[in-house]
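Enquirer: Here the protein sequences line up with chains C and S, keeping their order.
Residues 1 to 148 in our numbering are what the first sequence lists, from first letter to last.
Residues 1001 to 1384 in our numbering are what the second sequence lists, from first letter to last.
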Amino acid sequence: MNQRRKLKVVALVCERSVDFKDKLDNAHYMSECPDVNVIQLPCSGQIQPAMIEAALKGGADGIITTGCRIGDCHYREGNKFLRARILGERQPKLRASVDRKRLQAYWLSALEYHRFKEMAGEFVEFLSGYQPETPQKPEKKAPSKAAE
Amino acid sequence: MSQATTNVYAGIIAQFQRLTLFIERILNSTFSQKYNPFYYHGALPNFFLWVLFISGLLLFAYYNPTLEGAYPSLEYMTKQIPSGALFRALHRYAADGMMIFVLLHFFRVWFTDRYREYRILPWITGVILITVLYLAGLTGYMLIWDSESVALTYMTVNFLNSIPGIGSSLASLLIGGDIVTDYTLTRYLFLHLGIPASMLFLLWWHYLRITRPVTNAPLVLNLMLFGGLLVACGLWPVGIGEAPNLATPSASIEVDWLYMLPHGMLANGASPFLAWVVLLGIPVAMLLLPYLQKKQFRGQFAQVVNENCTGCSLCYHDCPYEAIEMMDRDDDTRFKRIAVVDPGRCANCGLCVGACAFKAIEIPRMNTERVFKEIQVALGSAQS
């Protein structure tokens, strides 16, 4: 397992959801899951679908988006809007051509760092053996975790 | 307010926030995220308001607001009308439930830091609403007009009379004259209908700055609350006390602490002055709470990049605080409208940024450019 290459997983995380205090190194990589680079934003509602697309285009193996528990957004609706955008139900929509298997969305409170670590670890494990189908066809959407 | 005090206060609130999140985690594992009652803390009191309105209509239909007729009409409702006692109990316990859930709403909003700056209007109207709810409940207890209500009336009159200067005028405003007469009961009825009616206006004000207020909880939660109310009605049926006697009122009252805070204190030997300090001090302290912390984003608000804005109005629809308005534009672009931000309402949350597909709106504390840059750095593809 130690043989595998280091993956590039970008996590776009709401600063009010999972608490990464003392969990990141200077370059924002998680010390307990070094494949994951965490970028914190004021709210998950600020995440533009273009950011997810840009990261995948730029060579990321996977993307994680994380907001607060659905129902508990500090700004009322940010996490619901992001979920709807990923599911293609709200403008601007995430493109249908984006490989949904390389994208996961978690909804976690500030107390649930361990849950994040667990799920991110499983995701990295999955991505390390994942070969995207080529050519990608947008006709079939893979189930996204966003539906949780 | 010194820096140190502010920090201590912020630290305490942060601990209470962790406690709230901890309780919510437990509730999420029992109710699931979708039906977590804490996520509908603002909507649940509205359910009680509906119960109060409907049960109150039935009580109002049979109530006789006269000195001689009030008690017999209550007795008739309780003993003769089928399930009349149930409706009285529903009315009583829904009032208690409403205050309990309003206080839950209050504490959650306070502890999760959702009560200041751009939320100041809901906070102030919320404090007024709590006061109004309190007065509505208190006048309800007086309206029963059994021997305890007479005691409550005398207690309230004495309590008002303890204010130097204007006390006696306030007391005669309450009971409609210098002594208890028929007018007292009509006055009580007016207060008990008029004060709750003002809540409709106040609730509109409470929701004014919120684009999509959650005013109804899911049906399943409402049914659970209604079940709880019915259980309370079955376990502790609401009866009626002894007939009123103006000369010899009941020696003691059964204190509902949610609606009779000063009365309870007076009954336990506190001085009227202390009771007034507590009664007035609580709402004043509530109103002052938002000013204990310094502002987070002084002078910052979302900035529209005029040359990029296409007037598509996605940010306008997404803004949760109605801080964005679409205005006509007449500069040299082919677009007819432009988004304009109201600085006083903006929360700096960035929801408008997430809604924008044209890089036309930015919040100063986390520029879109910076997010893309950080993504590039994370992927090791940044041009340095």
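For every residue, glycine included, the Cβ atom is placed at its ideal position computed from N, Cα and C.
Closer than 8 Å, CB to CB, is C:His114 near chain S or not?
Expert: No, C:His114 does not count as interfacial toward chain S.
Enquirer: Distance check for C:Leu82 and C:Cys14, CA to CA, integer angstroms please.
Expert: Whole-angstrom Cα-Cα distance: 11 Å.
Enquirer: Can you tell me whether DSSP reads S:Glu1325 as helix, strand or coil?
Expert: Strand.
Enquirer: What does C:Pro34 reach in chain S if we use C-beta pairs closer than 8 Å?
Expert: Those do not exist, as C:Pro34 stays about 12 Å from chain S at its closest Cβ, beyond 8 Å.
Enquirer: Contact criterion: CB-CB distance below 8 Å. Does C:Ile70 meet it with respect to chain S?
Expert: So yes, C:Ile70 belongs to the interface.
Enquirer: Does the beta-carbon of C:Met1 have 16 or more other beta-carbons within 10 angstroms, so that it is buried, or is it exposed?
Expert: Confidence at C:Met1 is low in this model, with a pLDDT of 49, below 50, so its placement is unreliable and the value that follows should be read with caution. With fewer than 16 other Cβ atoms within 10 Å, it is exposed.
Enquirer: Taking CB distances under 8 Å as the criterion, tell me whether C:Leu111 reaches chain S.
Expert: Yes, because at least one Cβ of chain S sits closer than 8 Å to the Cβ of C:Leu111.
Enquirer: Rounded to whole angstroms, what is the Cα-Cα separation between S:Phe1047 and C:Trp107?
Expert: S:Phe1047 and C:Trp107: Cα-Cα distance of roughly 28 Å.
Enquirer: Consider the Cβ of S:Gly1126: report whether some Cβ of chain C lies at a distance smaller than 8 Å.
Expert: Not an interface residue.
Enquirer: For C:Gln46, would you say it is in contact with chain S, using Cβ-to-Cβ distances shorter than 8 Å as the test?
Expert: By this cut-off, C:Gln46 is an interface position.
Enquirer: Could you list which residues in chain C have their beta carbon closer than 8 Å to that of S:Gln1033, in chain order?
Expert: Result: Arg69, Ile70, Gly71, Trp107.
Enquirer: Using DSSP bridges, identify the partner residues of C:Tyr29.
Expert: Its beta-bridge partners are C:Asn37.
Enquirer: Between which two residues does the alpha helix (DSSP H) containing S:Gln1003 stretch?
Expert: Counting along the chain, the alpha helix (DSSP H) containing S:Gln1003 begins and ends at 1003 to 1031.
Enquirer: With 8 Å as the threshold, decide whether the Cβ of S:Asn1158 is near any Cβ in chain C.
Expert: So, not an interface residue.
Enquirer: Pick out the complete alpha helix (DSSP H) segments inside the stretch 1350 to 1377 of chain S, 4 residues or longer, and give them in chain order.
Expert: Within the stretch 1350 to 1377 of chain S, the complete alpha helix (DSSP H) runs of at least 4 residues are 1351 to 1355.
Enquirer: Suppose the cutoff is 8 Å on Cβ atoms and the five residues either side in sequence are ignored; what does the same chain contact list for S:Arg1345 look like?
Expert: The residues are Tyr1118, Arg1209, Tyr1321, Glu1322, Ala1323.
Enquirer: So S:Arg1337 is in the beta strand (DSSP E); what residue range does that whole segment cover?
Expert: Taken as a continuous stretch (DSSP letters only), the beta strand (DSSP E) holding S:Arg1337 covers 1337 to 1341.
Enquirer: From the beta carbon of S:Cys1349, is the nearest beta carbon of chain C less than 8 Å away?
Expert: Yes, its Cβ sits closer than 8 Å to a Cβ of chain C.
Enquirer: Just verifying my parser: in three-state terms, what is the DSSP assignment at S:Thr1215?
Expert: Three-state DSSP puts S:Thr1215 in coil, outside helix and strand.
Enquirer: Evaluate the contact criterion for the stretch 1107 to 1116 of chain S versus the stretch 1133 to 1144 of chain S: three or more CB pairs, one atom per stretch, below 8 Å.
Expert: With the cut-off at 8 Å, the stretch 1107 to 1116 of chain S and the stretch 1133 to 1144 of chain S do not touch.
Enquirer: For my contact list, C:Ile70 and C:Lys80 are in at a C-beta cut-off of 8 Å; report their separation, rounded to the angstrom.
Expert: Indeed they touch by this definition, with Cβ atoms about 6 Å apart.
Enquirer: When the Cα atoms are used, what is the spatial distance from S:Pro1249 to S:Ile1144?
Expert: Each residue's Cα considered, the two are about 14 Å apart.
Enquirer: May I have the straight-line CA-CA distance separating S:Ile1120 from S:Pro1290, to the nearest angstrom?
Expert: Computed Cα separation, rounded: 8 Å.
Enquirer: State buried or exposed for S:Arg1212, treating a residue as buried only when at least 16 other CB atoms are found within 10 Å of its CB.
Expert: Exposed: under 16 other Cβ atoms inside 10 Å.
Enquirer: Short of 6 Å in beta carbon distance, which residues of its chain neighbour S:Gln1303, apart from the five on each side in sequence? Order them along the chain.
Expert: Closer than 6 Å at Cβ, skipping near neighbours: Glu1362.
Enquirer: Is the stretch 1169 to 1183 of chain S close to the stretch 1061 to 1081 of chain S, with three or more CB pairs under 8 Å?
Expert: Touching, yes.
Enquirer: Does C:Pro132 come within less than 8 Å of chain S when only Cβ atoms are used?
Expert: Cβ-Cβ to chain S under 8 Å: no for C:Pro132.
Enquirer: By the 10 Å Cβ neighbour count, where 16 or more other Cβ atoms means buried, how is C:Thr25 classified, buried or exposed?
Expert: Before going on, a small fix: residue 25 of chain C reads as Asp here, not Thr. Exposed: under 16 other Cβ atoms inside 10 Å.
Enquirer: Roughly how many angstroms separate the alpha carbons of C:Gly58 and S:Ala1347, rounded to a whole number?
Expert: Using only the alpha carbons, I get a separation of about 32 Å.
Enquirer: Since C:Tyr106 sits in a beta bridge, which residues does DSSP pair it with?
Expert: Per DSSP, C:Thr66.
Enquirer: Taking only beta-carbon positions, decide if C:Val10 is within less than 8 Å of chain S.
Expert: Chain S, which has a Cβ nearer than 8 Å to the Cβ of C:Val10, makes this yes.
Enquirer: S:Val1385 versus chain C: which residues are under 7 Å apart at the beta carbon?
Expert: As displayed, chain S neither begins before 1001 nor continues past 1384, which places residue 1385 of chain S out of reach and without an answer.
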